[in-house]
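The structure under discussion appears below in the form of C-alpha cells.
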Amino acid sequence: MAIMDELRAWLILESVPGVGPVTASRLLSALAESADEEDPESDITALFDCSDGHLHDVGLSREQVRALRHPGIGVEEALRWADGPGNRLICRDSPEYPPLLREIPAAPLLLYCRGELDVLCLPQIAMVGSRHPSYAGKDNAARLARALAGSGLAITSGLALGIDGVCHQQALAVGGITLAVLGSGLDQVYPKRHQLLAEQILINGGLLISEFSPDKGPLAEHFPRRNRIISGLSLGTLVVEAAEQSGSLITARYALEQGREVFAVPGAPQNEQALGCNRLIQQGAKLVLNAEDVLAELNWTQICIPPGGAGAVSNANADENADVNAGINSALPYADLLDNVDYETTSVDTVAERTELPVEVVLGRLVELELAGVVIAVAGGYVRARRANHV
Numbered sequence: 001m002a003i004m005d006e007l008r009a010w011l012i013l014e015s016v017p018g019v020g021p022v023t024a025s026r027l028l029s030a031l032a033e034s035a036d037e038e039d040p041e042s043d044i045t046a047l048f049d050c051s052d053g054h055l056h057d058v059g060l061s062r063e064q065v066r067a068l069r070h071p072g073i074g075v076e077e078a079l080r081w082a083d084g085p086g087n088r089l090i091c092r093d094s095p096e097y098p099p100l101l102r103e104i105p106a107a108p109l110l111l112y113c114r115g116e117l118d119v120l121c122l123p124q125i126a127m128v129g130s131r132h133p134s135y136a137g138k139d140n141a142a143r144l145a146r147a148l149a150g151s152g153l154a155i156t157s158g159l160a161l162g163i164d165g166v167c168h169q170q171a172l173a174v175g176g177i178t179l180a181v182l183g184s185g186l187d188q189v190y191p192k193r194h195q196l197l198a199e200q201i202l203i204n205g206g207l208l209i210s211e212f213s214p215d216k217g218p219l220a221e222h223f224p225r226r227n228r229i230i231s232g233l234s235l236g237t238l239v240v241e242a243a244e245q246s247g248s249l250i251t252a253r254y255a256l257e258q259g260r261e262v263f264a265v266p267g268a269p270q271n272e273q274a275l276g277c278n279r280l281i282q283q284g285a286k287l288v289l290n291a292e293d294v295l296a297e298l299n300w301t302q303i304c305i306p307p308g309g310a311g312a313v314s315n316a317n318a319d320e321n322a323d324v325n326a327g328i329n330s331a332l333p334y335a336d337l338l339d340n341v342d343y344e345t346t347s348v349d350t351v352a353e354r355t356e357l358p359v360e361v362v363l364g365r366l367v368e369l370e371l372a373g374v375v376i377a378v379a380g381g382y383v384r385a386r387r388a389n390h391v
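Note that the UniProt record's numbering numbers the sequence shown so that position 383 is 383, with each residue one more than the last.
What follows is the structure in C-alpha cells.
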C-alpha cells in the first residue's frame, strides 16, 4: 500500500464529523473483529471497501458515511503540505510513530511534524509550568532544563510563554534537543513572540509537532489536547511552577493517567504560583530539588553536564524574561521589577543585579511598590506580599 494512500485514508477518517481518536479506535476495532483480524489498524484502507450497511452496523451515521465517501479539500491540502520541505505527516500505524505516545488512550491519529523526525522517539522529559512565573520559577526552570538536557534527555514542552519558553531555550543553550508540541497548526505558530524560538528549535535539530492541520489557529480547546501529547511523548512530566488552576496540572493529570512519572518543584506557601506544585507533591508527585532527583527516578545514567555548571543561566533566559515581562498587562508600578522580588528575603543588591538597574533606582521603585502594598521591607531586604501577583 502506498504511503500517500495510507495517509489519505487516515486523513479522510479524521475529517469525518464526530470521529476523533477514541471513536476511530472503536470503529477500526469493530471492523477488525468482524474480519477476524488481530490488529485493528493493519490496513485502514479496508475501511473504504466496506458497504454502507456494514459501516452503519459498526456505528457510523448516514452523514458520517457520506463524509467518508466524499471528503473535503482539506485532505488533499494536508497531503500537499506533507510534500513540502522539512514537513512530515505521520499516521498512527506508521513505524515512525513514537511508541510511548501510541500507548496512551486517545493517541492522535496523525502527527504533523516539522524538523528532525528522528528525535521523535528519543527519551524525553516533559517540562511545563506557569506562563507568568516568578523569578525563582524561571531560575529553577533554567537550571533544571540545562542539567536534564545536558544529561542526554530531550526536553519536551508546549512553546508557551514563561516556563515552557525558558525550558526550550535552556535546552538549546547547552546543545541539547528540544521538542515543541503546539496547540495550533505548524503554519500558525502561537504565541507569535515565539516564532523565532520555533525557528531556533528547528535550526538546532529539534522538532515541532501538532495534531492540528497546519492552517489551524490556536483555540482554547486545543491546549488540553496538546497537553496529553506532551506527557504522552515523555517518560515523565516535571511541573516547575504552577498555580492551583494552571493548565500545567492538566498535563500532570494526563501523565498520571498514562502511567508516567510526575515530578514537581516545591515553592514557598506564600507564592500562589507554586501552590499547584505543592499540591501535586502532597498527592504523591516526586519532589524535585535538582536534576539528579529526576534522573534517579528514571534510572537515567547518561549524565554529561556541560562545562560551566548546570545552574548557570544564559542570555537566552534573560531574553525570555524580557519577553514575558514585555507582555504583562499590569496596573501595578514596575511590574518587571516586582518579578525579581521573591517570597523570601531578597536583598536590594540582588534585585539590582537581576534587573541590571542602579541600586538607587531599585530602592526608589521598591519604596513605591511598598506603598502599593505589594512588597514588604524586612531585615536584609524585601519580600513579596502574598497577593502581589500582578497577572
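Positions of the beta carbon are idealized from the N, C-alpha and C atoms, including for glycine. The structure presented is a predicted model; accordingly, all values stated were derived computationally and were not measured.
Residue i to residue j span [Cα, whole Å]
i: residue 328; j: residue 335; result: Reliability fails at residue 328, whose pLDDT of 30 lies under 50, so the model's placement of it is uncertain and the value that follows must be treated cautiously. Answer to the nearest angstrom: the Cα atoms are 8 Å apart.
i: residue 382; j: residue 353; result: 14 Å
i: residue 58; j: residue 10; result: 18 Å
i: residue 408; j: residue 370; result: Outside the shown range of the chain (1 to 391) lies residue 408, about which nothing can therefore be said.
i: residue 368; j: residue 287; result: 37 Å
i: residue 379; j: residue 223; result: 43 Å
i: residue 7; j: residue 68; result: 14 Å
i: residue 143; j: residue 342; result: 17 Å
i: residue 163; j: residue 361; result: 28 Å
i: residue 278; j: residue 21; result: 33 Å
i: residue 26; j: residue 105; result: 12 Å
i: residue 392; j: residue 131; result: In the structure displayed, the chain extends from 1 to 391; residue 392 sits before or after that span and is not available.
i: residue 44; j: residue 24; result: 10 Å
i: residue 294; j: residue 245; result: 24 Å
i: residue 76; j: residue 270; result: 54 Å
i: residue 324; j: residue 196; result: Caution applies to residue 324, whose pLDDT of 33 falls short of 50 and renders its modelled position unreliable; the value that the coordinates give is listed next. About 14 Å.
i: residue 73; j: residue 92; result: 22 Å
i: residue 89; j: residue 179; result: 16 Å
i: residue 311; j: residue 34; result: Residue confidence for residue 311 is low, a pLDDT of 37 falling below 50, so the modelled location carries little weight; the figure read from the coordinates is stated next. Residue 311 and residue 34: Cα-Cα distance of roughly 58 Å.
i: residue 230; j: residue 301; result: 23 Å
i: residue 48; j: residue 225; result: 28 Å
i: residue 350; j: residue 94; result: 52 Å
i: residue 357; j: residue 220; result: 38 Å
i: residue 177; j: residue 137; result: 22 Å
i: residue 53; j: residue 46; result: 15 Å
i: residue 274; j: residue 266; result: 7 Å
i: residue 292; j: residue 71; result: 51 Å
i: residue 161; j: residue 55; result: 45 Å
i: residue 145; j: residue 344; result: 23 Å
i: residue 215; j: residue 259; result: 33 Å
i: residue 289; j: residue 282; result: 15 Å
Beta-bridge partners of residue i, as assigned by DSSP
i: residue 130; result: DSSP lists no partner for residue 130.
i: residue 87; result: 114
i: residue 24; result: Residue 24 pairs with nothing; no bridge assigned.
i: residue 381; result: 378
i: residue 170; result: According to DSSP, residue 170 bridges with nothing at all.
i: residue 154; result: 124
i: residue 238; result: 127 and 263
i: residue 402; result: Any property of residue 402 remains undetermined from this structure, which presents the chain solely from 1 to 391.
i: residue 433; result: The question about residue 433 has no answer, for the chain in this structure spans 1 to 391.
i: residue 346; result: 382
Beta carbon of residue i nearer than 9 Å to that of residue j
i: residue 200; j: residue 182; result: no
i: residue 241; j: residue 133; result: yes
i: residue 129; j: residue 248; result: yes
i: residue 184; j: residue 217; result: yes
i: residue 198; j: residue 175; result: no
i: residue 257; j: residue 297; result: no
i: residue 264; j: residue 280; result: yes
i: residue 208; j: residue 113; result: yes
i: residue 194; j: residue 235; result: no
i: residue 155; j: residue 203; result: no
i: residue 243; j: residue 284; result: no
i: residue 187; j: residue 81; result: yes
i: residue 117; j: residue 232; result: no
i: residue 366; j: residue 348; result: yes
i: residue 123; j: residue 86; result: no
i: residue 61; j: residue 18; result: yes
i: residue 346; j: residue 384; result: yes
i: residue 299; j: residue 135; result: no
Any C-beta of chain C under 9 Å from that of residue i
i: residue 159; result: Checking the listed chains, one finds no chain C in this structure; it contains a single protein chain.
CB-CB length for residue i against residue j, believed under 8 Å
i: residue 127; j: residue 141; result: 7 Å
i: residue 227; j: residue 254; result: 6 Å
i: residue 394; j: residue 120; result: Any question about residue 394 goes unanswered here, given that the chain covers just 1 to 391.
i: residue 31; j: residue 50; result: 7 Å
i: residue 78; j: residue 213; result: 6 Å
### Query
So, do the region 153–169 and the region 371–379 have three or more beta carbon pairs nearer to each other than 8 Å?
no
### Task
Could you tell me whether the region 11–27 touches the region 106–116, using the rule of 3 or more Cβ pairs below 8 Å?
yes
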